[in-house]
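Residue numbers (this note's numbering): 13 to 262.
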């Protein structure tokens, strides 16, 4: 604030002197220091908030990833159909087989891959029975993929089947199968590394999926009970086939 200070000299003359009052150097240094501290605290708070947000997003993404994988196996693997592999000439006279046991059940379980027959929901783009091929990518062993092919009683995966990535960054992946095998003399079930439905003619009772990721996040073992364990008759098999577009007249 500026003001005029009036003084009278010995000669009687009146002089006016302007006086300005402001901040001292010490006050300016203190103000700048306080402002710097406030800016540092502000940016530190923003960094903590951003880290908390990213951590929360990572946790949500991890939980969603586990839920997607779990729901995939629960929805499709638990509803595995005990349908066999039939060659074209056998499919034409399947009705003549009556109640006879159909050969080569379309279920193949290996330690790091599994193939089974299951149905997609009616609202999905691909309807009807599909053969699910789930396993590690040979080119990328840390990637789990799934390929779908229409159920046509074929033993191999068609070349036009496009696999979809189900999970990435895997450090460990193993599938185990529980059921009675020919080696069990007492008939009790046991956990096995392989299950060949083509040889046993039946599905396992339980399937266990063990997963470990490279980030060491906790993944509990997932155990699924197969709801159906038996052989369909020929009429049921043909009925399921005829419901699929493009298969009834093949």
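Quick reminder that beta carbons are idealized off the backbone N, C-alpha and C, glycines included.
Rounded to whole angstroms, what is the Cα-Cα separation between residue 118 and residue 227?
When rounded, the separation of the alpha-carbon atoms in residue 118 and residue 227 is 35 Å.
Under 8 Å, do residue 238 and residue 125 count as touching if we go by C-beta distance?
Result no, Cβ atoms of residue 238 and residue 125 do not sit closer than 8 Å.
Candidates 177, 163, 211, 215, of which the one nearest residue 188 by Cα:
215 is the residue among 177, 163, 211, 215 whose C-alpha sits nearest the C-alpha of residue 188.
Environment of residue 131 [buried if 16+ CB atoms lie within 10 Å]:
For residue 131, the number of other beta carbons within 10 angstroms of its own is at least 16, and it is reported as buried.
Mind checking whether residue 157 and residue 129 have CB atoms under 8 Å apart?
Contact: no.
Can you find the residues in the same chain that come closer than 6 Å, C-beta to C-beta, to residue 222, ignoring five residues on each side of it along the sequence?
186, 233.
At the level of alpha carbons, what is the spacing between residue 230 and residue 224?
Cα to Cα, the separation comes out at about 7 Å.
Of the listed residues 36, 77, 123, 45, nearest to residue 208 (C-alpha basis)
It is 123 whose Cα lies nearest to the Cα of residue 208.
With DSSP collapsed to three states, give me the class of residue 57.
Judged by DSSP in its simplified three-state form, residue 57 adopts helix.
In chain order, what are the residue ranges of uninterrupted alpha helix (DSSP H) at least 4 long that sit wholly in the region 204–235?
Positions of the alpha helix (DSSP H) runs, each at least 4 residues long and wholly inside the region 204–235, are given as 209–212 in order along the chain.
Rank 65, 35, 160, 40 by C-alpha distance to the C-alpha of residue 84 and give the top, closest one.
Closest option to residue 84, Cα to Cα, is 160.
What residues in its chain sit with their C-beta under 6 Å from that of residue 143, if we drop five residues either side in the sequence?
Excluding sequence neighbours, residue 143 sits near 129, 161, 163.
Taking C-alpha atoms, which residue in 153, 52, 181, 213 lies nearest to residue 116?
Relative to the Cα of residue 116, the nearest Cα in the group 153, 52, 181, 213 belongs to 213.
For residue 178, does the three-state DSSP call read helix, strand or coil?
It is a strand residue.
With a threshold of 16 other CB atoms inside 10 Å of the CB of residue 121, please say whether the residue is buried or exposed.
Answer is buried; the Cβ neighbour count reaches 16.
Ignore the nearest five residues each way along the sequence and tell me which others in residue 127's own chain have a CB closer than 6 Å to its CB.
Excluding positions up to five away in sequence, the list reads 120, 145.
Are the beta-carbon atoms belonging to residue 77 and residue 236 less than 8 Å from one another?
Taking a C-beta distance under 8 Å as the contact criterion, residue 77 and residue 236 do not qualify as a contact pair.
Measuring straight from C-alpha to C-alpha, what distance separates residue 148 and residue 79?
Whole-angstrom Cα-Cα distance: 19 Å.
Tell me which same chain residues have a C-beta within less than 8 Å of the C-beta of residue 240, skipping the five on either side of it?
Here the set comprises 91, 92, 93, 94, 215.
The beta strand (DSSP E) enclosing residue 88, as first and last residue numbers
Neither: residue 88 is in no beta strand (DSSP E) and is coded neither H nor E.
May I have the straight-line CA-CA distance separating residue 178 from residue 154, to the nearest angstrom?
Here the alpha carbons of residue 154 and residue 178 stand approximately 11 Å from one another.
CB of residue 211 within 8 Å of CB of residue 200, strictly
Not in contact: residue 211 and residue 200 (Cβ atoms no closer than 8 Å).
Bridge partners - residue 142, DSSP secondary structure assignment
According to DSSP, residue 142 bridges with 130, 162.
Using only the alpha-carbon positions, how far apart do residue 47 and residue 55 sit?
If you take the alpha carbons of residue 47 and residue 55, they lie about 12 Å apart.
Whole angstroms is fine: what's the gap from residue 75's alpha carbon to residue 69's?
Cα to Cα, the separation comes out at about 10 Å.
Under the three-state DSSP convention, the category residue 237 falls into
Residue state, collapsed to three classes: strand.
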